[in-house]
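So the structure is just underneath, and the comments pick up after that.
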Amino acid sequence: MKKKYRIAVLPGDGTGPEVVREAVKVLNAACAARGVTLDMQEYDFGGERYLRTGEVLPDSAIEEMRGYDAILLGAIGHPDVKPGILEKGILLRLRFELDQYINLRPVKLYPGVETPLKNKGPEEIDYVVVRENTGGLYTGTGGFTMKGTPREIAVQGMVYSRFQVERCLRYAFEYTRRRAKRNTLALCGKTNVLTYVYDLWERAFHEIGSSDYPEIKREYYHVDATCMWMVKNPEWFDVIVTGNMFGDIITDLGAITQGGMGIAAGGNINPEGVSMFEPIGGSAPKYTGKNVINPLAAICAASMMMNHLGEKEVAEAIEKAVVYVTSQKLKSLGAGRMGYSTSQVGDMLAEHVS
Ligand code: IPM
Ligand code: MN
7 MKKKYRIAVL
17 PGDGTGPEVV
27 REAVKVLNAA
37 CAARGVTLDM
47 QEYDFGGERY
57 LRTGEVLPDS
67 AIEEMRGYDA
77 ILLGAIGHPD
87 VKPGILEKGI
97 LLRLRFELDQ
107 YINLRPVKLY
117 PGVETPLKNK
127 GPEEIDYVVV
137 RENTGGLYTG
147 TGGFTMKGTP
157 REIAVQGMVY
167 SRFQVERCLR
177 YAFEYTRRRA
187 KRNTLALCGK
197 TNVLTYVYDL
207 WERAFHEIGS
217 SDYPEIKREY
227 YHVDATCMWM
237 VKNPEWFDVI
247 VTGNMFGDII
257 TDLGAITQGG
267 MGIAAGGNIN
277 PEGVSMFEPI
287 GGSAPKYTGK
297 NVINPLAAIC
307 AASMMMNHLG
317 EKEVAEAIEK
327 AVVYVTSQKL
337 KSLGAGRMGY
347 STSQVGDMLA
357 EHVS
C-alpha cells in the first residue's frame, strides 16, 4: 500500500473553508501518527472567485483533478450568486465529468448525539444510502416551449440507461456484502407511478441480485414509504440503493435523524477513478467567519476519504475521535451551541488521533 497521497482540497464558499481547515488539521495529525503523508493542494473555486473573475470552474481544473488520489470539498453556494450557477458549475460538473457515479451517504447516529426520533439510538440508526449520482433528473434533459406565455410547457426528464442502473446496483450489492451487517439491500423506487424508470431499476435489481448475490436479501420500498420507515423503523435498513433525485431527498431526512448537517458526510465515488468527499450540508453563510460552525461533518468526510484510499487505520482513528467528542465533549452539534468553537473541536480531535 502506498503511503503518500495527493489530495486536492476545495474549501469553497461560506463556512466551507473553516470546516475544511479543521478536517485538514485532523487528517494531518492522524496521518503523521501512522506513517502516511498527504500532499495537499488547495483550489479557490467557489462564489468569491466567480464574482471576482466570472469563471466558475476552468476546464483545465477538471483535467488537473484527474491527477489526484482524492478530492476533499467544503461547501458550494454563495448568497450573492444566483442559485444553480455554482452548484451546477462546480459540484455537479465535477461529479459528472469525473464520473463519480455513486454518492455514498452513511446515516449513522454517534453516541451522545441527539436524534429527533423517539426511542431510537445508535443501535437503531446505522445504515448507508447508495445514491446514483450521475443520472436521472440530474442529467438536465428537457426544456421549455412557449416560455413566458400562459401556455408554457416545461419538461425535465428522468433518464436512466441500463448501464447506469446496473453499475450502481452492482456497487450497492458489493457494498452490502463488504459491510456484512445484515446482508440486506433495499431498493427505493416508485414502481407504481414511474413505471418505466423504476421498472428498469427493479428488473435489474432482481436479475443481478438473484444471479450474482444470492446471499444478499433483497427488499423493495416505494420512496414515500421509505421516508416513513426511516423515521418509524430505521433499524430495518442496512443498505438502501436508489436513483439520484430520491437519494438526494431521503439523505436529507437521514441526515436529520443522525443529528443534522453538522455531522452528515458523503462520498462522490468513482470506483475506477477519482472520488470526492464532502460534508453534505451547505455553505451556511450566516455563520461564516464566526468560528462557531460544527466541523464534524467535514472531519467525517475526511475519514471516509481515508477509508476509500485504503487507510483503514487512519479512518478508524478519526472516527473514534469523533465518537469521543460527541459522547464526552460537545453539548450539541448545532452551530454556536457546541460549547466549543470550530477550531477547538478540531484541536480536540487532532490531539485524540495523534
Ligand atoms: C447534495 C446537494 C446537491 C444535490 C445540490 C447542491 C446540487 O443537495 O449534495 O445533496 O442536489 O445533489
Ligand atoms: Mn441534497
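Residue numbers (the numbering used here): 7 to 360. By construction, the Cβ of each residue, glycine as well, lies at the ideal position given by its N, Cα and C atoms. Nothing here was measured: the structure is a model prediction, and the numbers come from that model.
- By the CB criterion at 7 Å, L191 and I214 fall outside the cutoff.
- Assigned with DSSP and collapsed to three states, E172 falls in helix.
- T43 is bridged by DSSP to K10.
- Within the same chain, and ignoring the five residues on either side of G340 in sequence, the residues whose Cβ sits closer than 8 Å to its Cβ are G266, G268 and N300.
- By the C-beta density criterion, K9 is exposed, having fewer than 16 other C-beta atoms within 10 angstroms.
- Its Cα nearest to that of R72, the residue V280 stands out among V280, R183 and K124.
- For M282, DSSP records a beta bridge to I77 and N274.
- In terms of side-chain proximity, the C-beta atom of D254 is found nearer than 6 Å to a non-hydrogen atom of the ligand IPM.
- Here DSSP, grouped into helix, strand and coil, assigns K94 to helix.
- In this structure, P112 is the residue among N34, P112 and S349 with its C-alpha nearest to the C-alpha of R185.
- Secondary-structure assignment with DSSP links E225 through a beta bridge to A192.
- Burial is judged here by how many other beta carbons sit within 10 angstroms of a residue's own beta carbon; Y202 has fewer than 16 and is exposed.
- Under the three-pair Cβ rule at 8 Å, the stretch 52-66 does not count as touching the stretch 315-327.
- Sorting L44, Y74, G95 and I91 by C-alpha distance to the C-alpha of D65 places G95 at the top.
- T332 places its beta carbon less than 7 Å from that of V119.
- By the neighbour-count criterion, in which 16 or more other beta carbons inside 10 Å mark a residue as buried, R137 falls on the buried side.
- Distances taken from the Cβ of E138 to the heavy atoms of the ligand IPM include none shorter than 6 Å.
- For R99, the enclosing alpha helix (DSSP H) covers residues R99 to E103.
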